[in-house]
Amino acid sequence: MHNQLCETYEIDTPIFAFSHSPGVIAAVSKAGGFGVLGAAGMEPEQLDKALQMLTEECVGKSFGIDLIIPEKYVGREEGGLSFENLQRLIPQGHRDFLNKLLDDYHVPRLAAPDTMASRAGMGISEKRGKQLVDIALAYPVKLIVNALGVPPAYIIELAHQKGVRVGALVGAVKHALHQKEAGVDLIIAQGFEAGGHTGEIATMVLTPQVVDAVAPLPVVAAGGIASGRQMAAVLALGAQGVWTGSVWLMTEEAETHPVVKEKFKHATSSDTLRSRASTGKPARQLRSAWTDAWEDPANPDPLPMPLHGLLTIDAQRSIQNDALQGGEGGRKLINYYVGQSVGMLNQVRPAAEVFQAIKDECDAVLKHLGQL
Ligand SMILES: Cc1cc2nc3c(=O)[nH]c(=O)nc-3n(C[C@H](O)[C@H](O)[C@H](O)COP(=O)(O)O)c2cc1C
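As structure tokens, then:
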């Protein structure tokens, strides 16, 4: 399984793991894969601390960071609006609806709203992205990835100057071509099944088209991949490796909310939906009373990014806290981003064990197919 991608990214197995949990990144990178830390929601100090830990723990191993600098968001033209100006754009009707939703589910509000967390809801701006990149480039990261659009040219340039490669997630061929034109080094073809922001085309259909469209740029496939059989399948489609997200949410190292972990354990592949309920852009997540409320045509529509995140971040914290305290309302409302592979994630295991299982199964399948 050691291919060109492994050579380029200095890894043993072409498995990329996206996670917000530094512990998962460390485990995967140490096992010979490539851990990519989701930095979009992080405060700069938080990212700095995580990268310090990874640099110490993963000597000689490969890891990177992931940002969200969308092509379109409220305030982009203005170079990013202030926190106060963004708050002013949130209609009172939306605030009233959200308050009523929490009242209906008897969710107590957290006493002191964490304004730092509210500001982190703005972590998608170009300004914040640049700040995070500057921090990352002081560490031995080997890859910077962007989601939801072409990374700004100066970020690509800055990374390349430091010998760091740049990747981007795409959900359609035309987006892949834009990324290639912009000078991105690695294309992540992410199918509809994926957890988080996702397009409308399935991994099985998207991958071979993107592979052909951007050749000779390397492509890794994402969306629905949680086993070695699925990894072998996308290698057959022309991908040079896999990019995985949901599968790591059910590892011991993952900082997934315990109630969410429990929900995932029992969820089937029919229990997710692609909804604007959590960020304002379509993202696959677990269905819950929260998504039901925002999907109900009788209720206000989710706001565009980043207003929706700003509107809901304190409510989300209250819901998470209530669920943790055993509150019935919080338990009904709580949800999280996850892909259709949630139906395959029925136990919590160490990340290194999950990594080894994917690798071993893929190896066995490839050998078996070779004998046919
Ligand atoms: C909880 C969660 C959060 C995610 N957040 C991001 C993100 O911040 N940036 C990003 O590029 N992708 C994000 N994604 C998408 C992943 O990078 C990855 O493409 C996706 O999880 C692959 O599909 P899978 O979930 O079926 O493995 C997220 C996915 C999940 C499950």
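Under numbering that gives the first Met the number 0, the first residue of the sequence shown carries the number 0, and numbering increases by one thereafter. Where a beta carbon is used, it is the ideal one built from N, C-alpha and C, also for glycine.
Original post:
Thinking just about the alpha-carbon of each residue, which of Gly74, Phe191, Ile224 and Pro69 is nearest to the one in Ile357?
Top reply: Residue Ile224 holds the alpha-carbon nearest to the alpha-carbon of Ile357 among Gly74, Phe191, Ile224 and Pro69.
Original post:
Closest to Gln284 by CA distance: which of Ala193, Arg127 and Val165 is it?
Top reply: The alpha carbon of Gln284 has as its nearest neighbour, out of Ala193, Arg127 and Val165, the alpha carbon of Ala193.
**OP:** Could you please give the first and the last residue of the uninterrupted alpha helix (DSSP H) stretch that includes Asn98?
**Re:** Where Asn98 is concerned, the enclosing alpha helix (DSSP H) stretches over Gln91 to Asp103.
Subject >> Rounded distance between the beta-carbons of Gly128 and Gly170, thought under 8 Å >> reply: With a contact defined as Cβ atoms closer than 8 Å, Gly170 and Gly128 miss out at about 20 Å.
**OP:** Label Arg87 either buried or exposed according to how many other C-beta atoms from any shown protein chain fall within 10 Å of its C-beta, with 16 as the threshold for buried.
**Re:** Flag for Arg87 reads exposed.
Original post:
How many whole angstroms separate the CB atoms of Ala38 and Ile64, which I take to be in contact at a CB cut-off of 8 Å?
Top reply: Indeed they touch by this definition, with Cβ atoms about 5 Å apart.
**OP:** Indicate whether Ala30 and Thr12 have their beta-carbon atoms separated by less than 9 Å.
**Re:** Taking a C-beta distance under 9 Å as the contact criterion, Ala30 and Thr12 qualify as a contact pair.
**OP:** Note down the Cα distance separating Lys99 from Pro107, rounded to an integer number of angstroms.
**Re:** Straight across, the Cα-Cα distance linking Lys99 with Pro107 is about 12 Å.
**OP:** Using alpha carbons as the reference points, say which of Leu66, Val172 and Gln189 lies closest to Glu42.
**Re:** Nearest of Leu66, Val172 and Gln189 to Glu42, Cα basis: Leu66.
Subject >> Cα-Cα separation, Ala26 to Gly59 >> reply: Roughly 14 Å between the two C-alpha positions.
Subject >> Extent of the continuous beta strand (DSSP E) to which Asp65 belongs >> reply: That run of the beta strand (DSSP E) goes Phe62 to Ile67.
Original post:
Would you say Leu248 touches ligand 1, meaning its beta carbon is less than 8 Å from a heavy atom?
Top reply: Yes, ligand 1 has a heavy atom inside 8 Å of this Cβ.
Subject >> Closer than 8 Å: Leu205 CB and nearest ligand 2 heavy atom >> reply: With respect to ligand 2, the structure shown offers nothing to examine, as its ligands consist of ligand 1.
Original post:
To which residues does DSSP link Gln189 through a beta bridge?
Top reply: Ala221.
Original post:
Can Trp289 be considered in contact with ligand 1, in the sense that its beta carbon sits closer than 8 Å to one or more heavy atoms?
Top reply: When distances are taken from the beta-carbon of Trp289 to the heavy atoms of ligand 1, even the shortest one reaches 8 Å or more.
Subject >> Per-residue burial, Glu125 [other beta carbons within 10 Å of its own, 16 or more giving buried] >> reply: Counting every other CB atom within 10 Å of its CB across the protein chains shown gives Glu125 a total of 16 or more, marking it as buried.
Original post:
On the premise that Ala282 lies in contact with Gly342, defined as a C-beta separation below 8 Å, what is that separation, rounded to the nearest angstrom?
Top reply: Actually they are not in contact, since the Cβ atoms of Gly342 and Ala282 sit about 18 Å apart, beyond 8 Å.
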